[in-house]
Amino acid sequence: MAAIEVVIFGAAAVGALAGGLGVVLARAPIRAALALLLVLGSLAVLYLLLAAQFIAVLQVIIYAGAIVVLLLFVVMLLHARTGEARPTKLPRQRPVGFLLAAVFLAAVVTALRDAAPPPLPAVGQGFGTAESVAGVLFTRYVLPFELASMVLVVGIVAAVVIGRGARP
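Going by my numbering, the final residue of the sequence shown carries number 723, and the count climbs one at a time with no gaps.
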């Protein structure tokens, strides 16, 4: 890896971790959705560093573009307030949760400490590119692809028919 790639990787990794913490710790749902956008954008950068351009573009278009925007619309349309937590009726709920999380973390660390990671298989030269995905999609999986497109068309037609309602 070149020095600039290491810097970009570090920035994207820090962005993904910071965004993940923002999603979990944000009290306002809008801020949590924007932190999710940071996570998804950082993951797209990491995919680009892995030379998986097609997956990175899908990450931006589908997840960062469509899903986060849909989530923001839902939050705004539901008039979500500041996201303040209601007082709990079980006063010992939080310490018990922290204790269970610590026990689970200790079990995971113990299990991972003794396990050796399996060797990773080498990937092909064009792995993750648009050409390789399209080649497999339109040769080996052409029937499931066409069936999925027909199901989507049926869903769109059904949405239009339901949306129009009954005519007088």
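Even glycine gets a Cβ: it sits at the ideal position worked out from N, Cα and C. This one's a predicted model, so the numbers in the text were calculated from it and none came from an experiment.
What is the C-beta distance between residue i and residue j, in whole angstroms, given that I count them as a contact (C-beta under 8 Å)?
{"i": "Leu602", "j": "Ala611", "result": "Position check: residue 602 holds Tyr in this sequence, whereas Leu was assumed. Their Cβ separation, rounded to whole angstroms, is 4 Å, which keeps Tyr602 and Ala611 in contact under 8 Å."}
{"i": "Val600", "j": "Ala567", "result": "4 Å"}
{"i": "Arg692", "j": "Phe700", "result": "Position check: residue 692 holds Leu in this sequence, whereas Arg was assumed. The Cβ separation is near 6 Å, so the contact holds."}
For residue i, count neighbouring Cβ atoms within 10 angstroms of its own Cβ and tell me buried if that reaches 16, exposed if not.
{"i": "Ser704", "result": "exposed"}
{"i": "Gln614", "result": "buried"}
{"i": "Val663", "result": "exposed"}
{"i": "Leu595", "result": "buried"}
{"i": "Leu576", "result": "exposed"}
{"i": "Leu591", "result": "buried"}
Since residue i is in the alpha helix (DSSP H), which residue starts that stretch and which ends it?
{"i": "Ala566", "result": "Ala558 to Leu580"}
{"i": "Gln721", "result": "Before going further, note that residue 721 is Ala rather than Gln in the sequence given. First-last for Ala721: undefined, no H or E at that position."}
{"i": "Pro650", "result": "Gln648 to Asp669"}
{"i": "Leu627", "result": "Val623 to Leu632"}
{"i": "Leu601", "result": "Pro584 to Leu604"}
{"i": "Gly690", "result": "Ala685 to Thr694"}
{"i": "Ala611", "result": "Gln608 to Leu613"}
Check whether the Cβ of residue i lies closer than 6 Å to any heavy atom of the ligand PLP, and answer yes or no.
{"i": "Met705", "result": "This structure simply doesn't include the ligand PLP, nor any ligand for that matter."}
Q. With a cut-off of 8 Å, do at least 3 Cβ pairs link the stretch 616 to 632 to the stretch 661 to 681?
A. no
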